[in-house]
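Here's the structure, in structure tokens; my notes come after.
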Amino acid sequence: MASPPLPVGKLPPQLLVELLQHAPGADPRVLVGPRVGCDVAVIDFGDRLLVAKSDPITFATDAAGYYAVHVNANDVATSGAVPRWMLATVLLPEGSATERLAADLFRQIVEACTSIGVTLVGGHTEITYGLDRPIICGQMLGEVERCHLVTAAGAQPGDVVLVTKAVPVEGTSLIAREKGDELRRRGYREAEVERGRQMLYDPGISVLREAQIALAAGGVHALHDPTEGGIVTGLWELAEAGGLGLEVYPDAIPVDPLGGRLCAEFGLDPLGTIASGSLLIAAPEADARRICEALEGARLPCRAIGRVTGPEAGRQLVSGRPDSPVGPADRTPDAPDATTRELLPFARDEIAKLFT
Numbered sequence: 012m013a014s015p016p017l018p019v020g021k022l023p024p025q026l027l028v029e030l031l032q033h034a035p036g037a038d039p040r041v042l043v044g045p046r047v048g049c050d051v052a053v054i055d056f057g058d059r060l061l062v063a064k065s066d067p068i069t070f071a072t073d074a075a076g077y078y079a080v081h082v083n084a085n086d087v088a089t090s091g092a093v094p095r096w097m098l099a100t101v102l103l104p105e106g107s108a109t110e111r112l113a114a115d116l117f118r119q120i121v122e123a124c125t126s127i128g129v130t131l132v133g134g135h136t137e138i139t140y141g142l143d144r145p146i147i148c149g150q151m152l153g154e155v156e157r158c159h160l161v162t163a164a165g166a167q168p169g170d171v172v173l174v175t176k177a178v179p180v181e182g183t184s185l186i187a188r189e190k191g192d193e194l195r196r197r198g199y200r201e202a203e204v205e206r207g208r209q210m211l212y213d214p215g216i217s218v219l220r221e222a223q224i225a226l227a228a229g230g231v232h233a234l235h236d237p238t239e240g241g242i243v244t245g246l247w248e249l250a251e252a253g254g255l256g257l258e259v260y261p262d263a264i265p266v267d268p269l270g271g272r273l274c275a276e277f278g279l280d281p282l283g284t285i286a287s288g289s290l291l292i293a294a295p296e297a298d299a300r301r302i303c304e305a306l307e308g309a310r311l312p313c314r315a316i317g318r319v320t321g322p323e324a325g326r327q328l329v330s331g332r333p334d335s336p337v338g339p340a341d342r343t344p345d346a347p348d349a350t351t352r353e354l355l356p357f358a359r360d361e362i363a364k365l366f367t
């Protein structure tokens, strides 16, 4: 009997775990290999470590080249590494590929690389049958000194979890870009639609700067870039990478006002909508305060939204709590007005509802 088709989006986490069990792991120079929650590979190159990342841009967008550079650079940055080299596989649709389209995508890639000091070193291009939009598969390489390596698996029980910016930055931009005409018909002003579109650039989907500021402030145990599946899935991935528990306070998660409205227009949960542009940071409480101050000083909003716990405590979303988990010890999950439910990853990103 044939198995049912899988939904659009990432492979289900448990299936991915099973598949990765068969990946060869004999090379001792591979310090971080494929695993759920860890978005980069780390390879020992002596006094420096090579950090490698691959991520495609598969949805229809007029900014695919820009996306391809920054989503890959983001994950390299969360390892403490500096993004250095980019490869791009560019697949253009048969029948609608033009020289102008190719030139525009390459301009975006080169400009985005230049803006963060990355060199485009290679890749592949072709016109491919069966596509209805361009697809770009990006590969980003970076390097980091061994002593400065950070992994998503590095969080420790007791750490405070911080998030930068208000979610969902990328999701808000995608809705405005893909559903602009419909939003105008529903009464949204042109200025609102354009603001949503421009969130791709301001506050932007890049987290390179905030990662560098957080690392310079010191005390960071783990960084993670929440993307597909939104911030809730990103939080689950952070806990899964380290085999840890998590207590998250959804009331404390900052939701962009326009982003929240646009999500509501199309029945999307903003906490499960693609969230590139925000950075998750795990650090001890004293260090978390200092990191927040450093980020706020650089005009990058930062909020505490949860705590890392031991695996025995499970992963929980605790609603009805004071809006900051950093503070008095009497903030306990059994407060009379608190409600608790299990923190689970979204089966697919909420943004997929726009296209299916």
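Taking the numbering used here, the leading residue of the sequence shown gets 12, the next gets one more, and so forth.
From the three backbone atoms N, C-alpha and C, an ideal C-beta is built for every residue, glycine too.
Query                                                                                                                                                            : Result
Would you mind reading off the limits of the beta strand (DSSP E) that contains Thr-162?                                                                         : Looking at the DSSP string, Thr-162 is not in any beta strand (DSSP E), and its letter there is neither H nor E.
Grab the span of the alpha helix (DSSP H) containing Phe-56 for me, first residue to last.                                                                       : Note, Phe-56: premise wrong, no alpha helix (DSSP H); beta strand (DSSP E) at 52-56.
Which parts of the region 15-80 are runs of the beta strand (DSSP E), unbroken and 3 residues or longer, counting only runs that do not cross its ends?          : 41-43, 52-56, 59-68
Terminal residues of the continuous beta strand (DSSP E) containing Glu-361?                                                                                     : Looking at the DSSP string, Glu-361 is not in any beta strand (DSSP E), and its letter there is neither H nor E.
Would you tell me roughly how many angstroms separate the C-alpha atoms of Glu-361 and Glu-181, rounded to the nearest one?                                      : 12 Å
Just curious, the beta strand (DSSP E) that Leu-102 is in, first and last residue?                                                                               : 93-104
Measuring only the C-alpha atoms, how far is Pro-268 from Ala-299?                                                                                               : 25 Å
If distances are taken between C-alpha atoms only, which option among Glu-307, Gly-271, Pro-179 comes closest to Ala-228?                                        : Glu-307
Since I believe Lys-21 is in contact with Met-151 (beta carbons under 8 Å), could you give me their beta-carbon distance rounded to a whole number of angstroms? : Met-151 to Lys-21, Cβ: 19 Å. No contact.
Have a look at Glu-122 and Pro-265 and give me their C-alpha separation to the nearest angstrom.                                                                 : 31 Å
If you reduce the DSSP assignment to three classes, tell me which class Glu-239 lands in.                                                                        : coil
Below 8 Å on the Cβ atoms is my contact criterion, and I expect Ser-90 with Val-51 to pass it. Report the Cβ-Cβ distance as a whole number of Å.                 : 5 Å
DSSP three-state label for Val-180, please.                                                                                                                      : helix
Per DSSP, Met-151 forms a beta bridge with which residues?                                                                                                       : Lys-64, Met-97
Within its chain, find whatever has a CB closer than 8 Å to the CB of Lys-364; leave out the 5 residues flanking it on each side and keep chain order.           : Phe-277, Gly-278, Leu-279
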